[in-house]
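One structure is given below, encoded as C-alpha cells.
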Amino acid sequence: MQQFIKKHESQVFGVLNGFDRLRFRGTLRVLCVVQGLFSWMNHQRVLLKQFKEFSLSLTSQLKASIESVAEAAGRKIEYVAASSLSKEALVQELLRREKTPEGLVCVLSCVEPCQSFDIERDKVEKTIDLVSRPRKCLHWYLYFIHPVWGLCHVRIQSWLPFTVHVCVNGREWLCRDLANAGIGFQRRDNCLTWVEDLSAAQQMLEAQPWFDWSGELQRLLERACPALGELRWGDRALTHYWSAAETEWASDVMFRSRSRLESLYPALRHHAITTFGSSDVLRFLGKKITAAGDVPGNFRGEVVTDLKTRPEGTRIKHRLKANSIKMYDKQGSVLRVETTINAPGDFQVYRASEADPDGPKSRRKMRRGVVELPARAKASQAANRRYLESLAAVDSATPLARILEPLSKPVVTNGHRSRGLHPLVGNDARLAECLLKGEFALHGFRNRQLRVLLFGESDDPAQVRRDSAKTGRLLRLFRDHNLIYRVKGTHRYQLSARGRRTLPNLLAIRTTNAKKLHELAI
C-alpha cells in the first residue's frame, strides 16, 4: 500500500483503514438445530403436536415486548409491504423530519425469508416430525441512535429460533468519535473526504475490532426486545451467541483533487479488469498460489470479476467463493478498496482449539465469532494492501526505453535461441493487444482463441493448421520472453507477472497519438 501512496503522495491527502458496514448475527445455539429445540420442548413439557400453539405463544410474547418498547419511546410499528422500498431511505427521511439525538428512531416490520421449523406429517407411518426448513415470517427492524455507534438497527425474526441481526457502520462510529473529540472532518455519504487529525482518526478505527462486541450487542438486544432475555432452560437463561455474518473493511485513499482521481481511475480500472487473473484474486484474499504464479491444482471454487457503473461511481469487484475485494471511486475524490468477508473459514489464524483454549496453538480456520474480529481486520487489511500494491504499477514513471529494450533483444531458453520481439508492430503487437482482452483476464487463453483473433475464421482445414502453427510460434516466443506461461496439465496460458507489468504499457504506447507524445516530451 505504501508503494501506491508514495507514488501519488503529491496528490493524496491521506488514507483511512477500518471497518465500513458490519452485520452481526445472534443465535440461540441450542434452539438452532432440530435436536436442540426438541430437547428444550421436552424440558418445557411440550409435545410435538402442540408445537404450533407453543411457537405462536412465544411469538406473541416477542410482539408484545417490542410493542411495549416502541410505545415507551412514542413510536409506532410501521409495516413495509413492498420489498422494493428501501428501509434505510425511510429512516433517513424520518431523521430529516425529526431530529433524534439518541434512542429509538423507529420500528419497521416486513415479511422476509427465514430458516425456521415446522411439523412434517407422515400419513403412511402416522408419525409427526420436527423439521428445519426455509420459510417466510414477520421480521421487526428497530433503528436506534446508539451512544457509541450512532445509527444502527436490530432485526428480529418473529418465529423460532428467533435469529437476530444487528447492523453497525464503522464510518458512522468514527464520525461520532471525531465529533466527541472535537476533531474536524468532512463527510459525504458513507466516507470522509478530509480529516483534521488523520493519525487520531486511524487510531479510533484500529480500536474498533477490540471493542466489547458480545456485551454491547447483548445489551442492545435486551433494550430492543426484553422478552428474548426471559427464555430459560431451567435456571439458566438462554443467551445469544454473537458472530460476524458479514464484515467490510475499507481502505479510503483521499485525493486532494477530484480531477486527479478522475484522470487516474480509468487506468486503474483498466489495469484491474485486464491484468488481474484468478491467481491474483487468490493471492489478494490470502490463498496460496504455485511458484509459477498459477492457481493450485487442488483449488475448488469459482473466481468472478465484474464491472458495474452506479451513480456514485464505477465499481470493479473480484469474488472468490463468498468473499470479495472491490475497488471504486467514491464521492469523486476518494479511491476505496474494500474487502468483504462472508466466509471467514477460508482464512486461517494461529490459535488454540475452541475446546482447549489453553492448549497448543496451530493454524486453524478463522471462526465466525466476534472474538475473531481482530483477526478479520488483519486479514482484510492485508488483502487491501496487496491490492493497492498491485495497482502501484499503473501509470508507471519507468522510462519506455527500459521496458522496450529487453524485449527487443534475443533470448536463449534451454539452449533454444528466440528472436527479439517487435512489440509495437506486426503480429507481435497484435498478440500483445489480444492478451489484454478482458475475457482472458480470469481463465487465460488458448491457441484456438487467439488464432481466430489474429487471423480470422477459415473453412479451409489446411489454412486453419497454418494459422494455428503461426499462433503456436508466437506463443512460444512470448513464453521465452517470460511474458506468458502455460498452465500445467492444460493447453491454456496465462500472463506472467512480467507480462502483467509490461503489456499494458505497450498497449498504452500503441494507442497514444503522436500529438499527445509530443506534449509529454515538451
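Everything in the sequence shown is counted per my numbering, starting at 52 for the first residue and increasing by one. Note that CB positions come from ideal geometry on N, CA and C, so glycine has one too. As the structure is a prediction and not an experimental result, all values here were calculated from the model.
Using the three-state DSSP reduction, which class does residue i fall into: helix, strand or coil?
i: residue 297; result: strand
i: residue 425; result: helix
i: residue 537; result: strand
i: residue 403; result: strand
i: residue 413; result: strand
i: residue 288; result: strand
i: residue 570; result: For residue 570, the pLDDT reaches just 49, beneath the cut-off of 50, and the residue's location in the model is therefore unreliable, leaving the point undetermined.
i: residue 129; result: strand
i: residue 110; result: helix
i: residue 52; result: coil
i: residue 117; result: helix
i: residue 216; result: strand
i: residue 160; result: strand
i: residue 550; result: helix
i: residue 466; result: coil
i: residue 90; result: helix
i: residue 195; result: strand
i: residue 348; result: coil
i: residue 135; result: coil
i: residue 282; result: coil
i: residue 453; result: helix
Could you check where the alpha helix (DSSP H) with residue i kicks off and where it finishes?
i: residue 176; result: It is not in any alpha helix (DSSP H) - residue 176 carries neither H nor E in the DSSP assignment.
i: residue 223; result: 221–232
i: residue 575; result: The requested residue 575 is not part of the displayed model; the chain covers only 52 to 573.
i: residue 470; result: Segment: none, residue 470 is in no alpha helix (DSSP H) and carries neither H nor E.
i: residue 375; result: No alpha helix (DSSP H) holds residue 375; the beta strand (DSSP E) holding it covers 374–381.
i: residue 478; result: 477–486
i: residue 340; result: Segment: none, residue 340 is in no alpha helix (DSSP H) and carries neither H nor E.
i: residue 12; result: An answer regarding residue 12 cannot be provided, because it is not within the stretch 52 to 573 covered by the chain.
i: residue 309; result: 309–326
At which residues does the beta strand (DSSP E) containing residue i begin and terminate?
i: residue 261; result: That residue, residue 261, is in no beta strand (DSSP E); it is neither H nor E in DSSP.
i: residue 97; result: Note, residue 97: premise wrong, no beta strand (DSSP E); not H, not E.
i: residue 359; result: 354–361
i: residue 575; result: In this structure the chain extends from 52 to 573, so residue 575 is not present and cannot be described.
i: residue 386; result: 385–392
i: residue 331; result: It is not in any beta strand (DSSP E) - residue 331 instead sits in the alpha helix (DSSP H) that spans 329–335.
i: residue 73; result: 63–78
i: residue 574; result: Outside the displayed span of the chain (52 to 573) sits residue 574, for which this structure offers no information.
i: residue 503; result: Looking at the DSSP string, residue 503 is not in any beta strand (DSSP E); the run it does join, the alpha helix (DSSP H), is 498–506.
i: residue 460; result: Here residue 460 belongs to no beta strand (DSSP E), and DSSP marks it neither H nor E.
i: residue 245; result: 242–246
i: residue 204; result: 201–208
i: residue 371; result: 364–371
Measure the Cβ-Cβ separation of residue i and residue j and say whether it is below 8 Å.
i: residue 461; j: residue 471; result: yes
i: residue 443; j: residue 557; result: no
i: residue 99; j: residue 170; result: yes
i: residue 157; j: residue 130; result: no
i: residue 356; j: residue 300; result: no
i: residue 507; j: residue 544; result: no
i: residue 421; j: residue 295; result: yes
i: residue 164; j: residue 138; result: no
i: residue 395; j: residue 436; result: no
i: residue 554; j: residue 487; result: yes
i: residue 526; j: residue 498; result: yes
i: residue 14; j: residue 168; result: Past the boundaries of the shown model lies residue 14; the chain is included only from 52 to 573, so the question cannot be answered.
i: residue 185; j: residue 208; result: no
i: residue 399; j: residue 414; result: yes
Can you find the residues in the same chain that come closer than 6 Å, C-beta to C-beta, to residue i, ignoring five residues on each side of it along the sequence?
i: residue 531; result: 462, 464 and 469
i: residue 403; result: 410 and 412
i: residue 241; result: 222
i: residue 65; result: 249 and 305
i: residue 552; result: 444
From the beta carbon of residue i, is the nearest beta carbon of chain C less than 8 Å away?
i: residue 195; result: The chain inventory of the structure shown lacks chain C, comprising one protein chain alone.
Given residue i, which residues of its chain have a CB within under 7 Å of its CB, disregarding the five upstream and five downstream residues?
i: residue 108; result: none
i: residue 424; result: 260, 264 and 295
CB-CB under 8 Å to residue i, same chain, minus the five flanking residues each way: which ones, in chain order?
i: residue 154; result: 124, 195 and 196
i: residue 103; result: 170
i: residue 87; result: 80 and 81
i: residue 352; result: 371 and 372
Measuring CB atoms only, is the stretch 384–391 touching the stretch 301–319, in the sense that at least three cross pairs come out at less than 8 Å? yes
At a cut of 8 Å, does the stretch 313–325 reach the stretch 357–372 through at least three beta carbon pairs? By the Cβ test, the stretch 313–325 is in contact with the stretch 357–372, since at least three Cβ pairs between them sit closer than 8 Å.
Quick one: any contact between the stretch 212–226 and the stretch 55–74, if contact means 3 or more CB pairs under 8 Å? Yes, the stretch 212–226 is in contact with the stretch 55–74.
How do the stretch 285–293 and the stretch 256–270 stand: do at least 3 beta-carbon pairs fall below 8 Å, yes or no? yes
Is the stretch 371–379 in contact with the stretch 236–251, if contact means three or more CB pairs nearer than 8 Å? As far as the Cβ criterion goes, the stretch 371–379 does not touch the stretch 236–251, which means the pair count is below three.
Would the stretch 113–127 count as touching the stretch 278–285 if we require 3 or more Cβ pairs under 8 Å? yes
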